[in-house]
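Heads up: the sequence shown begins at 21 in our numbering, then just goes up one per residue.
For each residue, glycine too, the CB sits at the ideal point set by N, CA and C.
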Amino acid sequence: MAPGTLNERLAVAAHLHVMLRRKHGRVTDTEWMAMNELYARTIIALARAQADDDLHRMAARFEAVMFGTVTGTVPAAATAPIARPQPAPVPQAEPMPAGRSWSRYVGGLR
21 MAPGTLNERL
31 AVAAHLHVML
41 RRKHGRVTDT
51 EWMAMNELYA
61 RTIIALARAQ
71 ADDDLHRMAA
81 RFEAVMFGTV
91 TGTVPAAATA
101 PIARPQPAPV
111 PQAEPMPAGR
121 SWSRYVGGLR
């Protein structure tokens with residue numbers, strides 16, 4: 021089966037979006053889903069990870085329209101864990117120079 025036209029991909033992506041939104045509270049970008057293969061594969065994997073037969077059928081239909089085949093498996097790119105960014109180091113405060121006191125600043129901003 022050959023991949024579908026952009027209109028077909030958008031239509032099925034919209035159906036998949038509505039099912040994910042109503043049943044699982046997930047919001048997706050239908051236009052990006054119909055254009056970007058990696059995002060489409062990720063959404064297909066997300067739909068297949070849910071315990072919902074209707075969603076599985078819609079994911080298979082979207083995969084057929086998007087890629088022309090139905091694998092029924094989760095692609096490796098969609099299952100790879102997402103690395104979380106490390107927090108930036110917190111700069112240390114400079115010590116108070118000799119001869120100055122913090123008491124000068126406490127309560128003085130009224």
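Exercise. Alpha carbon to alpha carbon, what distance is there between T50 and R77?
Worked result: 17 Å
Exercise. Hey, is the region 65–79 in contact with the region 104–116, meaning 3+ C-beta pairs nearer than 8 Å?
Worked result: no
Exercise. Considering only the beta carbon of each residue, do V85 and R46 sit closer than 7 Å?
Worked result: no
For this session: From the DSSP output, in three-state form, read off D74 for me.
Result: helix
Problem set entry | Cβ-based burial, A33 [other Cβ within 10 Å; buried from 16] | buried
Problem set entry | Whole-number beta carbon distance between I64 and T48, since they are thought to touch under 8 Å | The pair is not a contact, with the Cβ atoms about 11 Å apart (cut-off 8 Å).
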